[in-house]
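Numbering (our numbering), first residue to last: 1 to 394.
Written out as structure tokens, the structure reads:
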């Protein structure tokens, strides 16, 4: 007969082991057999415990680490654990601990154990061990990779291009792939690789140290906790599910602008009237106003560039209950549908013209014309027809 344990027994067992007890002692404390405790611990991940009855982890997380405003504390992880057990959403948990919901989402997905449960003590220990684990350097261990990079740099290739071509040529060989940031670090910090020192002179920018492009350049960037485009679900990429939008600004003379939003599956376009400016507050208000009347299933997500006009993304997410994803820096092709639509819109909104001259009615008229235009990609249906079908199918 299988013995049933209270819902919190396994959590108590895990906390006891992380707190210094042996697996045997922790099992006894919660009334479980040694075998049951061993199975529970195995499902928590590969964390080594001290042998015999000594107890505790070989590399435990300290009860209090130095101040780090980015790292989650044990107390915050405890609140995440309680929130998950009580069925709270990521957004509500984030509000409770003063973090964006994307932080909670990443934490739970990264540190949920094999049994499908998030344990705060295990997550905290894993995070501590990951921060202090030495990372192997590909450009120290892989001479063949270094030689290939050197050949391409001698031909004037940039680290970004080299990284892309390595991924293209060696799709199934991770040992021959490396990010452009790693190449830059190997050039500027010679201890981080065995690339020839003179290769740094091949770079078009002769800096003394690397300023990473992938990272936000300002410490207080509003996008540090935002969802990246790499975190979008597959349904967004293959257009299988409607309700996923791409957005951007069309810029005119004197900094005037019009906001554009395009639904990926239907190509339906919404234009945002921004008469005074395109500040974060103005853009957020316009987006909430125009998209707020859509049914829930037609506003699932929005993908945008990392422009300052979307700095108020948290307010938009809350008001529309839609996730905002941000493209990688300098990657407009990641919003290909929106880019193509913006080119069509230039027929009405010429480059260098004053876009503030267009009234809200003008924008609605242009959007209606575009949405009634047949599209080859829709088998000559119009975006308006496609959206209308979705509205009546709900």
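Note that the Cβ used here is the ideal one computed from N, Cα and C, for glycine as well.
**OP:** Would you kindly report the start and end of the unbroken beta strand (DSSP E) that includes residue 248?
**Re:** 244 to 251
Original post:
How big is the Cα-Cα spacing for residue 150 and residue 111?
Top reply: 38 Å
Original post:
Near residue 263, what residues of its chain come up, given a Cβ to Cβ distance below 6 Å and the 5 sequence neighbours on each side ignored?
Top reply: 245
Subject >> Backbone CA spacing between residue 294 and residue 317 [nearest angstrom] >> reply: 14 Å
Subject >> Separation of residue 117 from residue 34, as counted between CA atoms >> reply: 21 Å
**OP:** State the start and end residues of the unbroken beta strand (DSSP E) segment that holds residue 304.
**Re:** 301 to 304
Original post:
Can residue 304 and residue 247 be called in contact, C-beta distance under 7 Å?
Top reply: yes
**OP:** Would you check if there are 3 or more beta carbon pairs closer than 8 Å linking the region 35 to 43 to the region 14 to 25?
**Re:** yes
Subject >> Contacts around residue 234, its chain only, beta-carbon distance under 6 Å, and the 5 residues preceding and following it disregarded >> reply: none
**OP:** Compute the Euclidean distance between the alpha carbons of residue 25 and residue 89, then round it to the nearest angstrom.
**Re:** 35 Å
**OP:** Return the chain-ordered list of same chain residues with a C-beta closer than 8 Å to the C-beta of residue 382, the five sequence neighbours on each side being excluded.
**Re:** 371, 372, 373, 374, 375
Original post:
Do residue 280 and residue 259 have their CB atoms nearer than 7 Å?
Top reply: no
Original post:
Are residue 332 and residue 339 closer than 7 Å when you measure CB to CB?
Top reply: yes
**OP:** Please determine, among 169, 173, 153, 170, the residue with the shortest C-alpha to C-alpha distance to residue 183.
**Re:** 153
**OP:** Alpha carbon to alpha carbon, how far is residue 180 from residue 160? Give it in angstroms, no decimals.
**Re:** 5 Å
Subject >> Three-state class that DSSP yields for residue 129 in the structure shown >> reply: helix
Subject >> Boundaries of the beta strand (DSSP E) in which residue 263 is found, first to last residue >> reply: 257 to 263
Original post:
If you draw a straight line from the alpha carbon of residue 359 to that of residue 271, how long is it in whole angstroms?
Top reply: 11 Å
Original post:
Quick one: what does DSSP say residue 273 is sitting in, helix, strand or coil?
Top reply: strand
Original post:
If you draw a straight line from the alpha carbon of residue 105 to that of residue 74, how long is it in whole angstroms?
Top reply: 16 Å
Original post:
Tell me, which residues are paired with residue 228 by DSSP?
Top reply: 326
**OP:** Within 10 angstroms of the Cβ of residue 345, are there 16 or more other Cβ atoms? Answer buried if so, exposed if not.
**Re:** buried
Subject >> Alpha-carbon spacing of residue 170 relative to residue 227, whole angstroms >> reply: 28 Å
**OP:** Rounded to whole angstroms, what's the CA-CA distance from residue 146 to residue 165? Just pull it up for me.
**Re:** 14 Å
Subject >> Inter-residue Cα distance where the pair is residue 238 and residue 325 >> reply: 16 Å
**OP:** Mind reading off the beta-carbon distance from residue 276 to residue 282? Whole number of angstroms is fine, and I expect it under 8 Å.
**Re:** 7 Å
Original post:
Nearest to residue 261 by CA position, among 254, 255, 250, is which residue?
Top reply: 250
Original post:
By Cβ distance below 8 Å, which residues in the same chain neighbour residue 299 in space, the five residues on each side in sequence not counted?
Top reply: 243, 245, 291, 320, 321, 322
**OP:** Would you please state the rounded distance, in angstroms, between the beta carbons of residue 297 and residue 363? I believe it to be under 8 Å.
**Re:** In fact, because the Cβ distance is near 25 Å, the residues do not count as touching under 8 Å.
Subject >> Simplified DSSP assignment, three categories, for residue 218 >> reply: Confidence at residue 218 is low in this model, with a pLDDT of 48, below 50, so its placement is unreliable and the value that follows should be read with caution. In the structure shown, residue 218 sits in coil (DSSP, three-state: anything other than H, G, I, E or B).
**OP:** Can you grab the Cα-Cα spacing for the pair residue 31 / residue 37, in whole Å?
**Re:** 10 Å
**OP:** Go through its chain and collect everything with a Cβ distance to residue 167's Cβ below 6 Å, but skip five positions before and after it.
**Re:** 177
Subject >> DSSP bridge partner residues for residue 375 (one or two, in chain order) >> reply: 381
**OP:** Note down the Cα distance separating residue 114 from residue 124, rounded to an integer number of angstroms.
**Re:** 16 Å
**OP:** Compute the beta-carbon to beta-carbon distance between residue 352 and residue 265, rounded to the nearest angstrom, for a pair I have assumed lies under 8 Å.
**Re:** In fact, because the Cβ distance is near 33 Å, the residues do not count as touching under 8 Å.
Original post:
Over what stretch of residues does the alpha helix (DSSP H) that includes residue 395 continue unbroken?
Top reply: The first residue shown for the chain is 1 and the last is 394, placing residue 395 beyond what the model contains.
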